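Colleague:
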Amino acid sequence: MNLEQVKELDRAHLFQNYGRQELCFERGEREFLYDLEGRRYIDLVAGIAVNSLGYAHPAITRTIREQSERLVHVSNLYLVKEQAEAAAAIASICPGPLSSVLFVNSGAEANEAALKLAFKHTGRSRVVSTYNSFHGRTAAALSVTGQRKYQSGFEPLLSGAVDLIDYGSVEQLKDVVTRDTAAVILEPIQAEGGVIPAQREFFRTARDLCDEHGALLICDEVQTGMCRTGRFFGFQHYDVVPDVISMAKALGNGYPIGAVVASREVASTFVPGSHGTTFGGNPLGTAIARTVVEIMREERMDVQAAEKGGRWMEQLRDIAARSGGRIKAVRGRGLIIGLDMGEDAKRVQARALQEGLLVNVCAGSVLRLIPPLILSDGSMKAFNDVLESFLS
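Residue 206 in the working numbering sits at position 143 of the sequence shown; the count goes up by one each step and never skips.
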């Protein structure tokens, strides 16, 4: 099937709810994707921070093959060996008290479950979130997403139950967290919002206020988790431990799986019937998740992301210093990097595509780099060369 045939089927039979580029890939390896004509692309998007271990990783491919030959799905009416093993693996990379895991199928589902957990645990219904945040497109997750463009047409959602503040504002945080607050939900870096890291004081204040008022601190690690920022989780940069972590994306390295992690005490709020999902924690997905965690731990992907990201940001800041102000800022941690370029961001994206590099623009003007963590120096240089050529 050629590209025109794919486009025809897409238009005829798919909801047109994605702004797709006219590209279609048929295979990948490491940080490279190959289109239907066999052209190779350097992927600096990684499925939006999903394929952190690259494409066709041999250990993950082996797990998929072996597990699919044994058992793909069994109901949560029964004990699931692979689920228990994956939960133990995830608990091993989380701070001490966070040892209980609930498996779901996506990041939005993870945030939805985390919010339900907070409502039931506290007996309250108000949530504090931030402007410019993104937590998913399901009802509660969309309600706490601080971007009107995603909510328009779907109101009332959780009408009147969400207090939005500016990301990073300690004073606003102090004003809105009260005894009526069930949870404060924060991203360690606002990824969709323009790759904006938090300050340590903001997260520490959130932790202190949640403790003072009996609310839960939820860290949305869907995009920042699993070594992306140079630590296993983004909140670890701020010396806090949340009550609940939501994660997905890189946890399955391309297979749809998400998870909520909490302390045993908080997790015990959910009893049979409180929450569930048919496919959450299926044997294939959890076998893959366990393999991903083991690879990341054994190969120290957190250290690799910190080292590679640190070097790359130094190079990009050097380019920015010589850009005559066209690159307004270089932000990020580890291998989540944002170049604030105004209207030039989309032009660089187009130029990069011509040269066989895939990049992403978020918040309208920020060139976002979220590549596989196995990224080679050669691929970094290829992007730098395109950027410098554009600026010249």
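All C-beta atoms in this analysis are idealised placements derived from N, C-alpha and C, irrespective of residue type, glycine included. Predicted model, so just to flag it, every value in this text is computed and none were measured.
#1: Could you name the residues of the same chain whose beta carbon sits closer than 6 Å to that of I259, not counting the 5 residues immediately before and after it, in chain order?
#2: So for T354, helix, strand or coil by DSSP?
#3: Tell me the residue span of the alpha helix (DSSP H) that contains D271.
#4: With DSSP as the reference, label Q214 as helix, strand or coil.
#5: Could you check how far apart the C-beta atoms of S192 and G209 are, in whole angstroms? I think they sit under 8 Å.
#6: Among D302, G344, V307, which has the Cα closest to the Cα of L314?
#7: Starting from E129, trace the alpha helix (DSSP H) both ways and give me its first and last residue.
#8: Please say whether L347 and V143 have beta carbons closer to each other than 8 Å?
#9: Any contact of the stretch 274-288 with the stretch 81-99, i.e. 3+ C-beta pairs under 8 Å?
#10: Suppose you measure from the CA of A352 to the CA of A151; what does that come to, to the nearest Å?
#11: Need the endpoints of the beta strand (DSSP E) that I437 sits in, please.
#12: Give the C-beta separation of M376 and G395 to the nearest angstrom, bearing in mind that I take them to be a contact with Cβ-Cβ under 8 Å.
#13: In chain order, what residues of the same chain have a beta carbon less than 8 Å from the beta carbon of S337, not counting five sequence neighbours either side?
#14: Do L430 and Q412 have their C-beta atoms closer together than 8 Å?
#15: Figure out for me which residue from G427, G419, C425, N423 has the closest Cα to the Cα of D448.
#16: Which residue marks the beginning of the alpha helix (DSSP H) containing L96, and which one marks its end?
#17: What residue range does the alpha helix (DSSP H) around M376 cover?
#18: Hey, L221 and A204 are a contact pair by Cβ (cut 8 Å); roughly how many whole angstroms apart?
#19: Provide the residue(s) that pair with T341 in DSSP beta bridges, ordered along the chain.
#20: Is the beta carbon of A311 closer than 8 Å to that of V285?
#21: Give the DSSP-derived three-state secondary structure of V334 in the structure shown.
#22: Identify, in the order they occur along the chain, each residue of the same chain with its Cβ nearer than 7 Å to the Cβ of F217, setting aside the five sequence neighbours on each side.
#23: When the distance is taken between beta carbons, is A426 closer than 8 Å to G397?
#24: Considering Cα atoms alone, identify which of A112, E71, G91, I400 is closest to M289.
#25: Among Y141, A173, R200, which residue has its Cα nearest to the Cα of E255?
#26: Output the distance between the C-alpha atoms of F197 and A176, rounded to the nearest integer angstrom.
#27: Assuming G339 and N139 are in contact, meaning their beta carbons sit under 8 Å apart, how far apart are those beta carbons, in whole angstroms?
#28: Relative to the C-alpha of F298, which candidate in F333, L249, G317, T341 has its C-alpha closest?
#29: Buried or exposed for R270, please, with buried defined as at least 16 other CB atoms from any protein chain shown within 10 angstroms of its CB.
Modeller: In this structure, then:
#1: Q253
#2: helix
#3: 263-276
#4: helix
#5: 6 Å
#6: G344
#7: 121-133
#8: no
#9: no
#10: 11 Å
#11: I437 -> no beta strand (DSSP E), and no H or E assigned at all.
#12: 7 Å
#13: K179, K183
#14: yes
#15: G419
#16: Taken as a continuous stretch (DSSP letters only), L96 belongs to no alpha helix (DSSP H), being part of the beta strand (DSSP E) at 95-98.
#17: 364-384
#18: Going by Cβ atoms, the distance from L221 to A204 rounds to 10 Å, so no, they are not a contact pair.
#19: Answer is none; T341 lacks a bridge partner.
#20: yes
#21: coil
#22: L205
#23: no
#24: A112
#25: R200
#26: 16 Å
#27: 6 Å
#28: L249
#29: buried
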